[in-house]
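Visitor:
Numbering (the working numbering), first residue to last: 1 to 226.
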């Protein structure tokens, strides 16, 4: 079930640097690099608008149980939690199944204790008030109280998945805020970080010029950015 985990990604310090930037800036940088299909589908939203999440992808794939059955004591979905590491971000797809919650309060508690920086679920989650109370950055397509037991099975983890119609590989850097979720290929992560910091500084200058009431046309001419 478990796949090989790719080495690399960003360090905790580098992730903190990226968190000071916005997802749209990173998306723009990826566009400039010719990587124009790295933004997940709209609809995967944070449980609170002020939450951001960024980390090295720990991937999981779940799908509808066939046949549907509750198997007491068979809890393979817990194995990935024990394999997660500090600075990971859990990235999970339910393969289009919206009938049960793939993530909840107890999984958030376990992940947070391991230093996991958040979770992205292309599918439903539950226990939202409790997740909000612990300030765990959770992003999901929708909510449902329905338990996954007997409705959904873990297929594998630590392997490439499609999440929000974007390929996510273990170790890719996933960054999410209120604007959406972007996936940075592992081999481009450091380059994207450095370029995003440059763009962020330029945008600060553009913003300050506009606040002073300068002409938008003149500002664009000077900074080549708007």
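Think of the CB as a built atom: it goes at the ideal place given N, C-alpha and C, for glycine as much as any other residue.
Going by the CB atoms, is the gap between residue 148 and residue 100 shorter than 8 Å?
Guide: Position 100 of the chain shown, counting from 1, holds the residue named residue 100. Position 148 of the chain shown, counting from 1, holds the residue named residue 148. Cβ distance < 8 Å, so residue 100 and residue 148 count as in contact.
Visitor: Please confirm whether residue 54 and residue 18 have their CB atoms less than 8 Å apart.
Guide: As a working mapping, residue 54 is identified with position 54 in the chain shown. As a working mapping, residue 18 is identified with position 18 in the chain shown. Their beta carbons are under 8 Å apart, which means residue 54 touches residue 18 by this criterion.
Visitor: Using DSSP with H/G/I as helix, E/B as strand and the rest coil, what is residue 55?
Guide: Here the question's residue 55 lines up with position 55 in the chain shown. Strand at residue 55.
Visitor: Answer yes or no: do residue 139 and residue 120 have a C-beta to C-beta separation smaller than 8 Å?
Guide: Stepping through the chain shown from its first residue, residue 139 is reached at position 139. Stepping through the chain shown from its first residue, residue 120 is reached at position 120. Yes, the Cβ-Cβ distance between residue 139 and residue 120 is below 8 Å.
Visitor: Report yes or no: is there a C-beta of chain B within less than 8 Å of the C-beta of residue 16?
Guide: Looking for chain B here will not work: only one protein chain is present.
Visitor: Report buried or exposed for residue 20, applying the criterion of at least 16 other Cβ atoms within 10 angstroms of its Cβ.
Guide: Taking the chain shown and counting its residues from 1, the one referred to as residue 20 is at position 20. It counts as exposed.
Visitor: Who are the Cβ neighbours of residue 28 in its own chain at under 7 Å, not counting the five residues just before and after it?
Guide: Working through the chain shown from its first residue, we reach residue 28 at position 28. Contacts found: 199.
Visitor: Just reading off the beta strand (DSSP E) that residue 156 is part of, what are its end residues?
Guide: Against the chain shown, residue 156 aligns to sequence position 156. First-last of the beta strand (DSSP E) with residue 156: 152-157.
Visitor: Would you list the one or two residues that DSSP bridges to residue 180?
Guide: The residue you call residue 180 lines up with position 180 of the chain shown. Paired residues: 177.
Visitor: Can we say the segment 179-199 touches the segment 125-133, given the rule of at least three CB pairs closer than 8 Å?
Guide: At 8 Å Cβ cutoff, the stretches do not touch.
Visitor: Can the beta-carbon of residue 141 be found closer than 8 Å to that of residue 123?
Guide: As a first step, residue 141 is located in the chain shown; it is residue number 141 there, counting from the start. As a first step, residue 123 is located in the chain shown; it is residue number 123 there, counting from the start. Yes, Cβ-Cβ distance for residue 141 and residue 123 is below 8 Å.
Visitor: If you follow the beta strand (DSSP E) that residue 144 is in, where does it begin and where does it stop?
Guide: Numbered from its first residue, the chain shown carries residue 144 at position 144. Segment: none, residue 144 is in no beta strand (DSSP E) and carries neither H nor E.
Visitor: Might you give, ordered along the chain, the residues of its own chain that have their beta carbon closer than 7 Å to the beta carbon of residue 233, omitting 5 neighbours on each side?
Guide: This structure gives no information on residue 233, because the portion of the chain shown stretches from 1 to 226.
Visitor: For the segment 59-127, which segments carrying the beta strand (DSSP E) assignment without a break, of at least 3 residues, lie completely within its bounds, in sequence order?
Guide: 88-93 and 119-125, all fully within the segment 59-127.
Visitor: Between residue 98 and residue 182, what straight-line distance do the alpha-carbon atoms span, to the nearest angstrom?
Guide: The sequence position of residue 98 within the chain shown is 98, counting from 1. The sequence position of residue 182 within the chain shown is 182, counting from 1. Roughly 22 Å between the two C-alpha positions.
Visitor: Can you tell me whether residue 73 is buried or exposed? The criterion is at least 16 other CB atoms within 10 Å of its CB, across all chains shown.
Guide: The count along the chain shown starts at 1 and reaches residue 73 at position 73. In this prediction, residue 73 has a pLDDT of 46, which is less than 50 and means its spatial position is unreliable; nothing more can be read from the coordinates.
Visitor: Considering only the alpha carbon of each residue, which of 45, 102 and 110 lies closest to residue 180?
Guide: For the purposes of this step, residue 180 is taken as the residue at position 180 of the chain shown. Closest by alpha carbon: 45.
Visitor: For residue 13, tell me which candidate among 193, 40 and 202 has the shortest Cα-Cα distance.
Guide: Counted from its first residue, the chain shown places residue 13 at position 13. The residue with the shortest Cα to Cα distance from residue 13 is 193.
Visitor: Report yes if the CB atom of residue 136 is closer than 8 Å to the CB atom of residue 159, and no otherwise.
Guide: Translated into positions along the chain shown, residue 136 becomes position 136. Translated into positions along the chain shown, residue 159 becomes position 159. Contact: no.
Visitor: For a test of the three-state rule: what should DSSP assign to residue 47, helix, strand or coil?
Guide: As a first step, residue 47 must be located in the chain shown, where it is residue number 47. Three-state result, residue 47: coil.
Visitor: Just to confirm the assignment, what range does the alpha helix (DSSP H) spanning residue 39 have?
Guide: To locate residue 39, count along the chain shown from 1; it is residue 39. No alpha helix (DSSP H) contains residue 39, which DSSP labels as neither H nor E.
Visitor: With a threshold of 6 Å on Cβ separation, who are the neighbours of residue 153 within its own chain once the five nearest residues in sequence on each side are excluded?
Guide: Mapped onto the chain shown, residue 153 falls at position 153. Result list for residue 153: 65, in chain order.
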